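S.K.:
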Amino acid sequence: MIERLLEQARRRGAGADALWRRAERTSVAFEWGRLKTAGVTEEAGVNLRVVSAGRVGVAGSTAVDVPPDELVTRALAAAELGETLALALPPPTPFLQVPTHFDRAATASLDTLIGIGRQLAEGLAREGCQVNVTVEREVAETRVANTAGADAAYPSTGIAVSAELWRVSGDDVLALGDSLEGADLPGPAELARLVQSITGRLDLALTVVTPPDGALPVVFTPAGLSAVLLPVTQALSGKAVLQGISPLAGRLGDQVFDATFSVTDDPLAAGRSASRPVDDECVPSRTTPLVQRGVVERFIYDLETAARAGAASTGNGQRGIFSKPVVGYTNMVIGERGKGNGERDETLGGGLLRDIADGLLVDELIGVGQGNVSGGGFSHPVALAYRIERGQITGRVKDAAIAGNSYDLLKRIGGFGNDRRWYGSRSTPSLLLEGVSVARR
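Going by this note's numbering, the letters in the sequence shown line up with residues 41 to 481, in that order.
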């Protein structure tokens with residue numbers, strides 16, 4: 041299909057690139073510890089982008105028998121209405137191999153996936169608690185090519201396992217959970233750690249204590265860091281720079297954050313479901329340091345944002361079947377992997393609690409993404425947080441909120457925990473920030 045699309049575009053005087061992707065998804069869900077659904081779906085489609093007379097148009101289809109000339113005609117019609125853009129398609133370039141496909145994950149039977157869900161449901165069973173578990177597996181093939189001669193294809197697998205536990209006692213509703221995500225099937229040890237993560241936090245949450253109040257030290261777990269990191273990741277996107285909403289625009293080479301803070305986009309991380317040898321525009325993948333020891337080094341770009349900014353693509357183009365490519369992150373690494381203050385600490389906070397006289401540990405917030413994200417501000421009620429007193433967790437807090445500004449707080453980092461882990465496509469340890477505003481509600 042891709043060859044015929046590109047040839048048809050050439051004949052009609054246009055440059056073009058195309059992406060074809062087929063994905064088979066298997067999903068297993070347990071509710072109240074019992075199997076509720078198990079099924080398989082399959083999707084395949086092609087996305088075509090043409091460059092004609094300096095204008096760009098896009099068309100897509102999931103029909104297996106769509107005539108190539110029809111798709112090209114639709115893309116050319118869209119280009120007539122598009123903006124003028126000097127979009128240069130990448131030539132053939134060597135790319136690095138990265139493990140994206142694991143046979144154990146691809147060939148696992150439905151019974152195996154159900155067994156994983158049942159193991160978690162049984163391990164999490166607690167009297168008076170509802171346990172929900174989801175296991176999802178994706179096996180995919182991707183190919184992307186263009187009229188400049190670039191062509192790449194790769195298979196991939198992805199496994200996502202999530203579990204949540206609900207407990208209702210009077211007017212107290214407690215919900216907590218955790219997840220695993222990667223390209224390979226999780227082993228027994230990983231599943232056991234997932235159970236321990238949830239049950240350990242449940243045990244600490246059964247005691248409810250009064251929230252602290254004031255400007256305090258707050259430890260953010262890998263799961264709880266989203267509100268702090270969101271303004272920074274948004275600002276490091278070349279699209280935000282072009283839109284004029286990034287506070288980091290014009291700050292390349294400046295020391296903006298604490299010298300211990302680094303951010304890297306790494307599509308070459310082995311065993312991660314977001315890894316890939318090339319992006320969805322046939323640009324070879326590479327590890328891209330965005331912030332190094334507090335200094336802003338670069339922004340992420342796809343071909344379009346790079347063309348508009350007069351820069352080069354960083355290999356961060358992503359696209360669906362019916363949409364034009366957009367810029368997006370792959371695997372985000374916070375801090376420097378392999379660096380820590382000692383052996384791995386499996387306790388909440390990764391060893392950061394011991395010197396805190398009074399503070400908070402935040403594991404989940406409500407309403408992340410709302411508010412003045414572009415300016416760095418956040419203000420959110422806590423969904424799951426614990427009070428720290430004299431270096432120990434004394435219980436769960438309710439009716440509390442935290443607020444602060446990411447750019448101010450990340451200039452004075454109190455420390456990183458020794459509990460680095462992958463949370464979705466983000467690798468990070470817990471993080472201690474000083475002077476976060478904590479208020480009772």
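Idealized CB from N, CA, C, for every residue including glycine. Every value quoted in this text rests on a predicted model; they were computed, and no experiment measured them.
Buried or exposed, going by whether 16 or more other CB atoms sit within 10 Å of the CB of proline 228?
M.R.: So proline 228 ends up on the exposed side.
S.K.: Could you check which residue in Gln159, Arg177, Leu121 and Gly155 has the C-alpha nearest to that of aspartate 143?
M.R.: Comparing Cα positions, the closest option is Arg177.
S.K.: Take alanine 84 and list the residues in its own chain whose beta-carbon comes closer than 6 angstroms to its own, dropping the five residues that flank it on each side.
M.R.: Excluding residues within five positions, the ones whose Cβ falls inside 6 angstroms are Arg62.
S.K.: Restricting to runs no shorter than 3 residues, where is the beta strand (DSSP E) found entirely within the segment 294 to 371?
M.R.: Counting only runs of 3 or more, we get 303 to 305 and 328 to 332.
S.K.: Around the C-beta of asparagine 356, are 16 or more other C-beta atoms found within 10 angstroms, so that it is buried, or is it exposed?
M.R.: Result: buried.
S.K.: Would you kindly report the start and end of the unbroken beta strand (DSSP E) that includes arginine 65?
M.R.: It spans 55 to 71 - the beta strand (DSSP E) in which arginine 65 sits, taken as one unbroken run.
S.K.: Using three-state DSSP, classify leucine 125 as helix, strand or coil.
M.R.: Coil, per DSSP.
S.K.: Spell out a yes or no on whether the segment 388 to 398 and the segment 360 to 377 are touching, meaning 3 or more CB-CB pairs, one atom from each, closer than 8 angstroms.
M.R.: As far as the Cβ criterion goes, the segment 388 to 398 does not touch the segment 360 to 377, which means the pair count is below three.
S.K.: Are at least three pairs of beta-carbons, each pair with one atom in the segment 243 to 263 and one in the segment 432 to 444, less than 8 angstroms apart?
M.R.: Yes, they touch.
S.K.: Give me, in chain order, the residues of the same chain whose beta-carbon lies closer than 7 angstroms to that of serine 101; leave out the 5 immediate sequence neighbours on both sides.
M.R.: The residues are Gly85, Val86 and Leu111.
S.K.: Can you give me the Cβ contacts of serine 266 inside the same chain, cut-off strictly under 6 angstroms, excluding the 5 residues immediately before and after it?
M.R.: Excluding positions up to five away in sequence, the list reads Val408.
S.K.: Less than 8 angstroms between the beta carbons of glycine 278 and phenylalanine 339, yes or no?
M.R.: Going by C-beta atoms, glycine 278 is nearer than 8 angstroms to phenylalanine 339.
S.K.: Jot down the residue ranges of each uninterrupted beta strand (DSSP E) in the segment 362 to 450, minimum 3 residues, whole runs only, in chain order.
M.R.: Correct list: 372 to 374, 398 to 405, 417 to 429, 432 to 437 and 440 to 445.
S.K.: Taking the C-alpha atoms as reference points, what is the distance between alanine 56 and leucine 88?
M.R.: Using only the alpha carbons, I get a separation of about 7 angstroms.
S.K.: Could you tell me how far apart the beta carbons of alanine 58 and isoleucine 42 are, in whole angstroms, since I believe they sit closer than 8 angstroms?
M.R.: Going by Cβ atoms, the distance from alanine 58 to isoleucine 42 rounds to 5 angstroms, so yes, they are a contact pair.
S.K.: Is it right to say threonine 124 is buried, meaning 16 or more other beta carbons lie within 10 angstroms of its own, or is it exposed?
M.R.: It counts as exposed.
S.K.: Measuring CB atoms only, is the segment 159 to 171 touching the segment 198 to 206, in the sense that at least three cross pairs come out at less than 8 angstroms?
M.R.: In short, these stretches touch, since the Cβ pair count reaches three.
S.K.: Is DSSP giving glycine 94 helix, strand or coil here?
M.R.: Coil.
S.K.: Check isoleucine 285 in the structure and name its three-state DSSP category.
M.R.: Coil at isoleucine 285, not helix or strand.
S.K.: Runs of 3 residues minimum, wholly inside the segment 202 to 243: which ones carry the beta strand (DSSP E) assignment?
M.R.: Within the segment 202 to 243, the complete beta strand (DSSP E) runs of at least 3 residues are 212 to 222.
S.K.: Look at serine 419 and alanine 443 and say whether their C-beta atoms are less than 8 angstroms apart.
M.R.: Their beta carbons are under 8 angstroms apart, which means serine 419 touches alanine 443 by this criterion.
S.K.: Short check: CB of arginine 460 to CB of glycine 431, under 8 angstroms?
M.R.: Contact: no.
S.K.: Out of curiosity, what's the CA-to-CA distance linking serine 187 and leucine 116?
M.R.: The sequence given here places threonine at residue 187; serine does not occur at that position. When rounded, the distance between both Cα atoms is 15 angstroms.
S.K.: Relative to the C-alpha of valine 413, which residue among Thr239, Phe297, Thr468 and Thr273 is closest?
M.R.: The shortest C-alpha separation from valine 413 is found at Thr273.
S.K.: Using CA coordinates, which residue listed in Ile406, Leu234, Ala192 and Pro307 is at the minimum distance from proline 130?
M.R.: The option with the nearest alpha carbon to proline 130 is Ala192.
S.K.: Considering only C-alpha positions, which residue in the set Gly254, Ser237 and Ile156 is nearest to glutamate 474?
M.R.: Nearest option by C-alpha distance: Gly254.
S.K.: Give every residue of the same chain whose Cβ lies closer than 7 angstroms to the Cβ of alanine 119, excluding the five residues on either side of it in the sequence, and list them in chain order.
M.R.: These residues qualify, in order along the chain: Val90, Ser92, Arg95, Val96 and Gly97.
S.K.: Can you tell me the Cα-Cα spacing of alanine 289 and glycine 198, whole angstroms?
M.R.: Near 35 angstroms, if we compare the C-alpha coordinates of glycine 198 and alanine 289.
S.K.: With a 10 Å radius around its C-beta and 16 neighbouring C-beta atoms as the bar for buried, classify aspartate 151 as buried or exposed.
M.R.: Exposed, by the Cβ-count rule.
S.K.: Whose C-alpha, out of Thr300, Leu282 and Ser237, is nearest the C-alpha of glutamate 386?
M.R.: Considering only alpha carbons, the answer is Ser237.
S.K.: Where valine 335 and leucine 234 are concerned, what is the direct C-alpha to C-alpha distance, given to the nearest angstrom?
M.R.: If you take the alpha carbons of valine 335 and leucine 234, they lie about 35 angstroms apart.
S.K.: Out of Asp320, Pro307, Phe260 and Ala347, point me to the one whose CA is closest to serine 465's CA.
M.R.: Comparing Cα positions, the closest option is Pro307.
S.K.: Measure the alpha-carbon distance for glycine 417 versus asparagine 445 and round it to whole angstroms.
M.R.: Cα to Cα, the separation comes out at about 4 angstroms.
S.K.: Taking 8 angstroms as the threshold (C-beta atoms), are asparagine 371 and alanine 310 in contact?
M.R.: No, these two residues do not count as a Cβ contact at 8 angstroms.
S.K.: How long is the line joining the alpha carbons of arginine 52 and phenylalanine 362, rounded to whole angstroms?
M.R.: Arginine 52 and phenylalanine 362: Cα-Cα distance of roughly 22 angstroms.
S.K.: Taking a contact to mean a Cβ-Cβ separation below 8 angstroms, would you say threonine 328 touches aspartate 342 in this structure?
M.R.: No, they are not a contact pair.
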